[in-house]
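So for the sequence shown, full-length UniProt numbering puts the first residue at 1; every next one is plus one. We treat Cβ as the ideally placed atom computed from N, Cα and C, and that holds for glycine.
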Amino acid sequence: MMFEWKDILTPLTTLGAVWLAAHFTLRNEFRKKELEIRAEQLETMSEKCALSLLSMGNYAGYVSYLIDLYLNDIREENPATSHVESEKFSLWYEEASESKWLYDEDLLNWCSHSLRFHRPTDFEKWRNEVEGTRDRICAFFLISRPGQEWKLRLGKSKTLYELDDFSNELKQSCASMKEFRSHLVENIAEDYRKLLRSEPNNLWRLLSHWRTTVCSFFRRPPSPPVS
């Protein structure tokens with residue numbers, strides 16, 4: 001029985017076109033959803049980390065402001081004073097912790113967790129700048145953080161020079177966190193732009209792949225007759 005190639009190619013072409021359209025549509029839908037999820041993650045991370053950095057910077061700045069304020073009062077009231085008792089300067093910490101400038105601990109932990117798993121390079125900087133500033137403030141004011149071993153350290157005074165130095169250290173931390181905030185947001189924004197520029201396989205690439213598959217099929221050597 002004679003046959004023509006068009007008898008094979010016509011239904012094969014039709015079937016291939018249907019498969020190609022379905023595959024292309026489904027692939028694009030999956031890719032689109034993947035891009036949407038990733039873009040939303042980047043937007044959320046950028047917003048929350050920038051807010052947490054701003055909050056910690058404001059808090060550290062407020063602690064520095066209180067130290068300067070009360071040291072100025074102490075020097076005016078008694079110029080001969082050289083030390084401040086812990087019972088007194090611990091009240092400055094309490095004032096800062098009860099103010100509107102207190103950072104959000106849950107937000108800070110969320111950002112730490114997200115950066116640790118998704119942006120390990122930025123996380124190292126975050127740990128030094130943000131977590132480090134928080135821990136230094138607690139240590140300076142003799143406060144044990146949750147999960148740390150509690151030690152009774154009341155009765156230890158600090159010199160006015162120590163308080164001055166720590167206030168200046170906090171000012172430097174504020175400037176460093178501000179710079180890091182701009183750096184982190186720009187890094188995440190660049191990842192966001194790269195994500196939007198990434199395109200799924202287009203129709204011509206899929207057509208080329210399908211054409212190669214069909215041509216390779218017809219180039220196969222004939223099977224030997226079965227004896």
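Which value, in whole angstroms, describes the spacing of the CA atoms of residue 181 and residue 80? 41 Å
Around the Cβ of residue 44, are there at least 16 other Cβ atoms within 10 angstroms (buried) or fewer (exposed)? exposed
According to DSSP, is residue 269 helix, strand or coil? Residue 269 cannot be examined here, being either before or after the span of the chain that is shown, 1 to 227.
Which complete beta strand (DSSP E) runs does the stretch 86 to 132 hold, if anything under 3 residues is left out? none
How about the stretch 160 to 180 and the stretch 132 to 140: do they share at least three Cβ pairs that are nearer than 8 Å? yes
Taking 8 Å as the limit between beta carbons, can you name the residues of its chain near residue 204, skipping five residues before and five after? Bear in mind that a pLDDT of 49 at residue 204, under 50, signals an unreliable position, so the number given afterwards is only what the model happens to contain. Closer than 8 Å at Cβ, skipping near neighbours: no residue.
Expected contact under 8 Å - CB spacing of residue 142 and residue 64 to nearest Å: Between residue 64 and residue 142 the Cβ distance is about 18 Å, and since that is not below 8 Å, they are no contact.
Taking the straight line between their C-alpha atoms, what separation do you get for residue 109 and residue 172? 23 Å
For residue 55, tell me which candidate among 197, 107, 157 and 191 has the shortest Cα-Cα distance. 107
CA-CA distance, residue 88 and residue 120? 40 Å
Taking the alpha-carbon positions, what's the residue 144 to residue 98 distance? 17 Å
Classification of residue 82 by the beta-carbon crowding that lies within 10 angstroms, buried from 16 upward: exposed
Would residue 67 and residue 167 qualify as a contact pair, given that the criterion is a beta-carbon distance under 7 Å? yes
Between residue 139 and residue 46, which are expected to be in contact by the criterion C-beta below 8 Å, what is the C-beta distance as a whole number of angstroms? That belief does not hold up - the Cβ atoms of residue 139 and residue 46 are roughly 30 Å apart, past 8 Å.
Environment of residue 161 [buried if 16+ CB atoms lie within 10 Å]: exposed
Beta-carbon proximity list for residue 169, same chain, < 8 Å, skipping 5 on both sides: 136
Does residue 129 pass the burial test, meaning 16 or more other C-beta atoms within 10 Å, or should it be called exposed? buried
What does the alpha-carbon distance come out to for the pair residue 36 and residue 195? 10 Å
Please return the same chain residues whose Cβ sits closer than 6 Å to the Cβ of residue 122, not counting the five positions on each side in sequence. 115 and 184
By Cβ distance below 8 Å, which residues in the same chain neighbour residue 191 in space, the five residues on each side in sequence not counted? 42
In chain order, what residues of the same chain lie with their CB nearer than 6 Å to the CB of residue 60, ignoring the 5 residues before and after it? 133, 170, 173 and 174
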